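S.K.: Protein chains in written order, with the UniProt record's numbering: chain B, 1 to 165; chain D, 1 to 400. Every residue gets a Cβ at the ideal spot worked out from N, C-alpha and C, and that includes glycine. If you're wondering where the values come from, they're calculated on a predicted model, not measured in any experiment. Let me give you the structure first, and then I'll get to my questions.
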Amino acid sequence: MKKPKRKLTLPEKIDLPPLLDLWEQQDPSGPDATGIYDFYRNLAEGELTTTKCKSCGKLMFPPQIICPNCYSDELEWVRIPEEGELYAFTELRLGAPIIVENYTPFVIAIARFGNYPENGVQISGMMFDVKYEDLKIGDKVRWEILEIEGPGEKKRYWYYFEKVE
Amino acid sequence: MSMRNVAIVGVGITRFGVREASWKDLVLEAGKSLFDDVPNLDKKDIDSLFVGAAQPERWIYQTHVAPLVAELLGIEVKRVIARTESACASGQLAIRYAWLSIATGLSDVALVVGVEKMNSKFLNISQSSMINVGNREFDGANGFTAPPFFAMVAQRHMHLYGTTEEQMAMVRVKNQEYGSQNPYAQFQKKVTVEQVLNSRMVAPPLKLFDCSAITDGAVALLLTSEERAREFTDTPVWILGGVQHVDAAHTTNQMGELADWVALRKAAKDLYDMLKITPDDIDIAEVHDCFTISEIIEYEELGFCKKGEGGKFIEEGESYIGGKVAVNPGGGLLANGHPLGATGTRQAWEIVMQFRGEVPKGRYVDGAELAIAHNLSGMAQLHHIMAYSVNKPRDIKFGR
């Protein structure tokens with residue numbers, strides 16, 4: 001019978017696998033760079049924006065670098081109207097993704113901003129400090145900026161919805 | 001283009017559930033079960049292999065799984081080998097590609113394996129990975145796993161059409177009644193409407209019993225052409241055709257009205273036109289009841305009832321055996337569980353067992369000749385339907 005002759009020691013801590021990070025694609029350069037980085041830059045500056053085609057006028061969400069309608073690459077950044085209407089919502093009570101588990105229960109909603117679908121968007125968003133029971137379809141909501149700290153030194157920006165009282 | 005007729009000529013299955021078995025164990029169990037089912041099959045007959053698997057790279061940290069299956073079952077693949085992925089419909093995709101490969105003459109005998117291993121000590125990895133089937137960057141980032149998405153679908157359907165939580169519960173009651181007679185199903189106990197309504201809230205209005213489960217399981221199918229079908233079985237099940245439809249839509253913004261699954265409506269019309277049939281001709285419908293609300297919407301979009309009347313359809317018992325159409329007589333995803341890659345193949349397994357008359361009497365659809373299997377994938381953006389029959393296809397033109 002042989003005793004182990006050699007031993008390997010693994011790192012004490014293995015970082016959260018990047019695939020479990022919900023907000024990873026937000027770097028302006030390097031291999032994670034995205035052509036729609038302005039979306040994230042604008043969020044950091046307090047604006048929720050998307051792209052609109054200068055050629056055919058199509059408003060898209062998510063923002064893109066090429067228009068899915070006419071394939072023009074002449075797009076402009078436009079601000080999403082601040083107030084919208086709650087289209088659907090629920091409250092995540094069981095089975096939350098790992099990175100947001102600590103925040104459950106929280107409301108997940110879809111809201112319409114502007115004149116959807118012709119000239120508006122239907123987007124999803126989280127809602128905090130509000131219960132499922134306190135909401136109804138058609139309620140007015142507005143988007144706000146969410147700051148996400150961590151892991152480590154990272155600081156990123158996203159958006160969420162708040163009920164307009 | 002002339003196409004060869006293709007049939008399913010053998011089936012194998014594992015018990016579905018929270019299994020003390022690895023992904024590889026499941027493949028081996030299903031494979032052995034298939035070889036037991038087809039005594040005349042020599043593994044050298046198999047020239048092609050299609051493996052339906054949704055997220056093995058996330059749940060067992062393994063990619064390149066098709067050659068792994070070839071190794072496990074000792075099969076030398078000489079023609080076509082592929083792993084197919086379309087989230088919750090990965091299994092049906094494997095059948096579709098095997099069918100096409102045989103129909104065109106590229107393959108003669110194809111093995112299809114649908115498999116998923118979703119349970120582990122780190123259970124939450126499964127739900128966390130479901131955020132990747134929607135647009136991860138823009139919907140996943142808001143916590144959009146399947147339950148909250150389908151909860152909003154249910155909320156919209158209730159809002160627009162007056163569907164009730166009781167009607168949704170009735171879907172689970174029906175599927176458990178059949179699941180209670182399916183020894184391979186994850187859940188084999190009958191439930192009552194009250195039990196469904198009183199089960200733990202997951203994402204309102206969806207309770208735990210409104211949801212299909214995180215499941216391990218595998219199914220193996222043998223497909224071949226008309227020329228060789230009788231070598232393997234006296235009861236081939238013929239593939240009549242298949243359709244898929246996705247609008248240019250993946251993210252919430254492109255989905256329009258959540259309670260109306262327009263892509264499914266279009267896919268169904270395409271299938272019925274292709275086969276020159278109507279919904280009334282369908283004896284068995286295996287549909288994708290990932291949530292109770294899904295089955296209700298599927299009644300409507302498949303044309304079994306008018307839009308908005310899906311709740312009434314289950315309430316009046318029309319989707320039971322003996323009703324207008326037998327929907328999910330094997331218990332559906334709700335009773336069987338939903339191991340993503342295995343689900344589409346499990347539906348085909350059920351249809352083969354029904355046509356052979358090898359299911360318990362209480363869930364047997366006597367005299368059935370035409371069946372469809374419907375899968376949706378992701379947040380109900382993409383729909384897949386295949387049609388199966390005891391009768392050989394006649395005069396079906398592709399590229400209609």
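Can you list the residues of chain D that B:F158 reaches, using a CB-CB cut of under 8 Å?
M.R.: One-based indexing of the first sequence puts residue 158 of chain B at position 158. The identity of residue 158 of chain B in the sequence shown is Trp, whereas the question assumes Phe. By Cβ distance, chain D contributes A141.
S.K.: Tell me which residues share the same chain as residue 407 of chain D and place their Cβ nearer than 6 Å to its Cβ, disregarding the 5 neighbours each side in the sequence.
M.R.: The question about residue 407 of chain D has no answer, for chain D in this structure spans 1 to 400.
S.K.: Any contact of the stretch 78-94 of chain D with the stretch 38-54 of chain D, i.e. 3+ C-beta pairs under 8 Å?
M.R.: yes
S.K.: Quick one: is B:G125 near chain D, going by C-beta distance under 8 Å?
M.R.: Your numbering for residue 125 of chain B matches position 125 in the first sequence. At least one chain D Cβ lies under 8 Å of B:G125.
S.K.: Under a CB-based cut-off of 8 Å, is D:F144 close to chain B?
M.R.: Looking up residue 144 of chain D in the second sequence gives position 144. Chain B contact via Cβ: present.
S.K.: Reducing DSSP to helix, strand and coil, say where D:D216 ends up.
M.R.: As a first step, residue 216 of chain D must be located in the second sequence, where it is residue number 216. The answer is strand: DSSP assigns D:D216 an E or B state.
S.K.: Going by the DSSP bridge assignment, what does D:V112 pair with across the sheet?
M.R.: By 1-based counting over the second sequence, the position of residue 112 of chain D is 112. Answer is D:F50 and D:L221.
S.K.: Might you give, ordered along the chain, the residues of its own chain that have their beta carbon closer than 6 Å to the beta carbon of D:Y299, omitting 5 neighbours on each side?
M.R.: Against the second sequence, residue 299 of chain D aligns to sequence position 299. The residues are C305, G310 and F313.
S.K.: Name the chain B residues whose beta carbon is nearer than 9 Å to that of D:I131?
M.R.: Numbered from 1 along the second sequence, position 131 holds the residue referred to as residue 131 of chain D. Residues of chain B with a Cβ closer than 9 Å to the Cβ of D:I131 are, in chain order, L22 and P97.
S.K.: So what's D:G362 in DSSP terms, helix, strand or just coil?
M.R.: Taking the second sequence and counting its residues from 1, one reaches residue 362 of chain D at position 362. Three-state result, D:G362: helix.
S.K.: Between the C-alpha atoms of D:G98 and B:I145, what's the straight-line distance to the nearest angstrom?
M.R.: Walking along the second sequence from the start, residue 98 of chain D turns up at place 98. Walking along the first sequence from the start, residue 145 of chain B turns up at place 145. At residue 98 of chain D the sequence reads Ala, which differs from the Gly that was named. Taking the straight line from one Cα to the other gives about 49 Å.
S.K.: List, in chain order, every chain B residue whose beta-carbon is nearer than 8 Å to that of D:V196.
M.R.: Numbered from its first residue, the second sequence carries residue 196 of chain D at position 196. Result: empty, since nearest Cβ-Cβ is about 15 Å, beyond 8 Å.
S.K.: How long is the line joining the alpha carbons of D:A146 and D:S129, rounded to whole angstroms?
M.R.: The sequence position of residue 146 of chain D within the second sequence is 146, counting from 1. The sequence position of residue 129 of chain D within the second sequence is 129, counting from 1. Each residue's alpha carbon lies about 10 Å from the other.
S.K.: With 8 Å set as the bound, which would you pick, yes or no: does the beta-carbon of D:P339 sit closer than that to a beta-carbon of chain B?
M.R.: The residue labelled residue 339 of chain D in the question sits at position 339 within the second sequence. Closer than 8 Å: no.
S.K.: How close, in whole Å, do the beta carbons of B:R142 and B:E165 come, if the pair is a contact with beta carbons under 8 Å?
M.R.: For the purposes of this step, residue 142 of chain B is taken as the residue at position 142 of the first sequence. For the purposes of this step, residue 165 of chain B is taken as the residue at position 165 of the first sequence. Between B:E165 and B:R142 the Cβ distance is about 10 Å, and since that is not below 8 Å, they are no contact.
S.K.: Is the stretch 188-201 of chain D close to the stretch 217-224 of chain D, with three or more CB pairs under 8 Å?
M.R.: no
S.K.: Regarding B:N119 and the ligand FMN, is the C-beta to nearest heavy atom distance less than 7 Å?
M.R.: In the structure on display, the ligand FMN does not appear, and there are no ligands present to speak of.
S.K.: Tell me, which residues are paired with B:E149 by DSSP?
M.R.: Against the first sequence, residue 149 of chain B aligns to sequence position 149. Beta-bridge pairing links B:E149 to B:K155.
S.K.: Can the beta-carbon of D:V237 be found closer than 8 Å to that of D:A387?
M.R.: On the second sequence, residue 237 of chain D is found 237 positions in, with the first residue counted as 1. On the second sequence, residue 387 of chain D is found 387 positions in, with the first residue counted as 1. Taking 8 Å as the Cβ cut-off, D:V237 and D:A387 do not qualify as a contacting pair.
S.K.: Mind checking if B:L94 is an interface residue toward chain D, Cβ cutoff 8 Å exclusive?
M.R.: Taking the first sequence and counting its residues from 1, one reaches residue 94 of chain B at position 94. It does; some Cβ of chain D falls within 8 Å.
S.K.: Show which residues of chain B have a CB atom less than 8 Å away from the CB atom of D:G242.
M.R.: Position 242 of the second sequence, counting from 1, holds the residue named residue 242 of chain D. Correct list: empty, because the minimum Cβ distance to chain B is about 27 Å.
S.K.: Could you pull out every residue in the same chain whose Cβ sits closer than 8 Å to the Cβ of D:R400, ignoring the five residues on either side in sequence?
M.R.: Within the second sequence, the letter at position 400 stands for residue 400 of chain D. Low confidence applies here, because D:R400 scores a pLDDT of 41, under 50, leaving its location unreliable and the question unanswered by this model.
S.K.: Going by DSSP, what residues sit across from residue 406 of chain D in a beta bridge?
M.R.: For residue 406 of chain D there is no data in the structure shown, the boundaries of chain D being 1 and 400.
S.K.: When the Cα atoms are used, what is the spatial distance from B:W23 to D:G143?
M.R.: Residue mapping note: residue 23 of chain B aligns to position 23 of the first sequence, counting from 1. Residue mapping note: residue 143 of chain D aligns to position 143 of the second sequence, counting from 1. So the alpha carbons of these two residues sit roughly 11 Å apart.
S.K.: Find out if the Cβ-Cβ distance for the pair D:C211, D:F149 is shorter than 8 Å.
M.R.: If you number the second sequence from 1, residue 211 of chain D lands on position 211. If you number the second sequence from 1, residue 149 of chain D lands on position 149. No, they are not a contact pair.
S.K.: Can you give me the C-alpha to C-alpha distance between D:F138 and D:L333, rounded to a whole angstrom?
M.R.: For this step, residue 138 of chain D is matched to residue 138 along the second sequence. For this step, residue 333 of chain D is matched to residue 333 along the second sequence. Rounded to whole angstroms, D:F138 to D:L333 spans 28 Å at the Cα level.
S.K.: How do the stretch 107-124 of chain D and the stretch 11-27 of chain D stand: do at least 3 beta-carbon pairs fall below 8 Å, yes or no?
M.R.: yes
S.K.: Does any CB atom of chain D fall closer than 8 Å to the CB of B:T90?
M.R.: Against the first sequence, residue 90 of chain B aligns to sequence position 90. Yes, B:T90 counts as interfacial toward chain D.
S.K.: Using DSSP with H/G/I as helix, E/B as strand and the rest coil, what is D:R19?
M.R.: By 1-based counting over the second sequence, the position of residue 19 of chain D is 19. Of the three classes helix, strand and coil, the one that applies to D:R19 here is coil, per DSSP.
S.K.: Does the Cβ-Cβ distance between B:G84 and B:F106 come in under 8 Å?
M.R.: Taking the first sequence and counting its residues from 1, the one referred to as residue 84 of chain B is at position 84. Taking the first sequence and counting its residues from 1, the one referred to as residue 106 of chain B is at position 106. Against a cut-off of 8 Å, the Cβ pair of B:F106 and B:G84 comes out as no contact.
S.K.: Run the CB neighbour count on D:L106, radius 10 Å, all protein chains shown included, and call it buried at 16 or more, exposed below.
M.R.: Stepping through the second sequence from its first residue, residue 106 of chain D is reached at position 106. By the neighbour-count rule (16 or more Cβ atoms within 10 Å), D:L106 is not buried but exposed.
S.K.: By DSSP's criteria, B:D27 is part of a beta bridge. Which residues make up the other side?
M.R.: Walking along the first sequence from the start, residue 27 of chain B turns up at place 27. Bridge partners of B:D27: B:A33.
S.K.: Please compile the residues from chain B whose C-beta is within a distance smaller than 9 Å of the C-beta of D:N124.
M.R.: Here residue 124 of chain D refers to the residue found at position 124 of the second sequence. G95, A96, P97, I98 and E101, listed in chain order.
S.K.: Pull up the distance between the alpha-carbon of B:T104 and that of D:A89, whole angstroms please.
M.R.: Mapped onto the first sequence, residue 104 of chain B falls at position 104. Mapped onto the second sequence, residue 89 of chain D falls at position 89. Rounded to the nearest angstrom, the two C-alpha atoms are 29 Å apart.
S.K.: Measuring only between beta-carbons, confirm whether B:V164 sits less than 8 Å from chain D.
M.R.: The residue you call residue 164 of chain B lines up with position 164 of the first sequence. Residue-level contact by beta carbon fails for B:V164 and chain D, as no gap is shorter than 8 Å.
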